[in-house]
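In the numbering used here, the protein residues as written are 6 to 366. The structure appears below as structure tokens.
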Amino acid sequence: MGRRTPLYDLHVELGARMVDFGGWDMPVNYGSQIEEHHAVRRQAGVFDVSHMCVIDARGPRARPFLSKLVANDVAKLKSSGKALYSCMLNEAGGVIDDLIIYFIDESFFRIVVNAGTRDKDLAWMREVAAPFGVELTERTDLAMLAVQGPQARATVAGLLPAEHRDAALALAVFQGRQLGDWFVARTGYTGEDGFEVMLPEGEAVAVWRKLNAQGVKSAGLGARDTLRLEAAMNLYGNDMDEGQNPLESGLAWTVSFEDPARDFIGRKALESLKAGGLKKKLVALVLDDRGVLRGHQKVVTPSGEGEITSGTFSPSMEKSIALARVPRDTGATVQVDIRGKLLNARVVKAPFVRNGQVLVS
């Protein structure tokens, strides 16, 4: 038996198919994964993301600690509630995890890391934090719901006390705020607008039921994966890991070299890789022939072989799509080895779908 979120019994009651995910018993779907996917693109869906690890970092040197810990620059966090996406690297430049940091005040930052890496992440973070005197607290008392889709924000705001509704709706993208007992953030993993809400675990079931009553569809890990892949968002363990660096994983935008004095962990390794010439890149693919793209399939190019890191059938596009790590000078077309047959695929500009709109033909 894996770990369970405060919503486990409700998932079972709602008929969810439960699977192991990073050591947690989680719902993969509640019936039709396709319907859950379309509900998020067209109306709203709610996901249980309480397996994610919420960590509060406190201390007068919290900012210098995070400046050392992550590849993006927390100096960008200037207003309370502002969020930053980054990777946490090892000394070789490999990705230990990707995470979001929220700036609350100069002595308080909130960090959200992935479920399957939480124990490893916490151990690493505590080791790095020790010289800075920063206290890290795992918020096991909180549940976390992701409500995503064009109707998501208005629906969540409607569940808040009247004095907090306008503040919730005024949140900018990648901004969070404590509103009563809830920390509401305008973030997500679907390519749609919406909120991620951290709330006392005892409130989670009642809130989920209220969302369902307002027409928000329960959605599982299956739809979450097709949605995030349509949005070309990386999945840790698939598209990057400790053996891959962010510069060759489509995440160069999350690495800040601007401050020469900021000696973040992994910086020297990344600078050496850049100086030597990067060998690979992460690209988005659309399959033109009939088939389904899946992780670990071989990608054949004139410059050498690559590999699909994430692949699926896109419900929004009704085509097979993927992210793939390929040789740096790969051109506009490739072939993918599917069961011994070389099928034709195109390299396209990511994302495939965003805010309900298909962006790739």
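All C-beta atoms in this analysis are idealised placements derived from N, C-alpha and C, irrespective of residue type, glycine included. Here the structure is a predicted model, which is why all the values come from computation and not from measurement.
Taking buried to mean at least 16 other C-beta atoms within 10 Å of its own C-beta, is residue i buried or exposed?
i      : result
Trp258 : exposed
Pro166 : exposed
Arg46  : buried
Ser277 : exposed
Gly181 : buried
Asp146 : exposed
Thr338 : exposed
Ser366 : exposed
Ser84  : exposed
Leu347 : exposed
Pro205 : exposed
Gly336 : exposed
Tell me, to the nearest whole angstrom, how far the beta carbon of residue i is from that of residue j; I am working on the premise that it is less than 8 Å.
i      : j      : result
Pro148 : Leu12  : In the sequence as presented, Pro is not what sits at residue 148; that position holds Ala. Right, their Cβ atoms sit about 7 Å apart.
Leu240 : Val260 : Not quite, the Cβ-Cβ distance comes to about 19 Å (not below 8 Å), so this is no contact.
Ala151 : Tyr194 : 7 Å
Gly316 : Leu298 : 3 Å
Leu184 : Ala172 : 6 Å
Val210 : Leu15  : 5 Å
Leu256 : Ala350 : No, Leu256 and Ala350 are not in contact; Cβ-Cβ is about 22 Å, not under 8 Å.
Ile105 : Thr10  : That pair is no contact at about 19 Å.
Could you tell me the alpha carbon to alpha carbon distance between residue i and residue j, rounded to whole angstroms?
i      : j      : result
Thr2   : Phe262 : Nothing can be reported for residue 2: it is not among the residues displayed for the chain, which extend from 6 to 366.
Leu234 : Val341 : 18 Å
Lys284 : Ser308 : 11 Å
Ser37  : Ala44  : 11 Å
Val79  : Asp294 : 44 Å
Val212 : Thr306 : 50 Å
Gly207 : Ser319 : 36 Å
Met130 : Met245 : 19 Å
Met93  : Pro65  : 21 Å
Lys273 : Glu96  : 8 Å
Ala62  : Ile116 : 7 Å
Ala55  : Glu18  : Note on identity: in this sequence residue 55 is Ser, with Ala being the wrong assignment. Between Ser55 and Glu18, the C-alpha separation is close to 18 Å.
Val202 : Phe108 : 16 Å
Ala21  : Pro32  : 5 Å
Val363 : Glu40  : 17 Å
Lys87  : Val189 : 12 Å
Gln219 : Asn34  : 19 Å
Gly199 : Arg267 : 33 Å
Val133 : Gly225 : 34 Å
Ala329 : Asp230 : 16 Å
Ser72  : Ile60  : 16 Å
Ala327 : Ala76  : 26 Å
Val352 : Thr314 : 14 Å
His42  : Met57  : 21 Å
Gly242 : Leu82  : 27 Å
Leu89  : Gly345 : 42 Å
Arg123 : Phe26  : 13 Å
Apart from the five residues on each side of it in sequence, which residues of its chain come closer than 8 Å, Cβ to Cβ, to residue i?
i      : result
Ala67  : Glu111, Ser112, Phe113, Phe114, Phe137 and Val139
Lys125 : Ile101 and Asp102
Gly28  : Gly7, Arg8, Ala120 and Gly121
Lys279 : Leu252
Is residue i a contact residue of the ligand GDP, with contact defined as CB to any heavy atom under 7 Å?
i     : result
Arg22 : Inclusion of the ligand GDP in the displayed structure is not the case, the ligand content being empty and no account of it being possible.
On the DSSP bridge assignment, give the partners of residue i in chain order.
i      : result
Arg131 : DSSP lists no partner for Arg131.
Ala289 : Leu328 and Val353
Ile2   : Absent from the model: residue 2. The displayed extent of the chain is 6 to 366, so no value can be given.
Ala148 : Leu204
Met23  : Pro32
Phe188 : Gln183 and Met203
Val358 : Val363
Gln340 : Val305 and Asn349
Gly163 : Note: Gly163 sits in no beta bridge, so no partner.
Is the CB of residue i under 8 Å away from at least one CB in chain C?
i      : result
Asp124 : Here there is only one protein chain, and chain C is not present.
Excluding the five sequence neighbours on either side, which residues of its own chain have a C-beta within less than 6 Å of the C-beta of residue i, listed in chain order?
i      : result
Ala355 : Ala237 and Ala289
Leu216 : Val51
Val24  : Val33
Who are the near neighbours of residue i in its chain, counting only those whose CB is closer than 7 Å to its CB and skipping five residues on each side?
i      : result
His169 : Leu184 and Gly185
Ile372 : Beyond the ends of the chain as shown, which are 6 and 366, falls residue 372; an answer cannot be given.
Arg359 : Gly196 and Ala236
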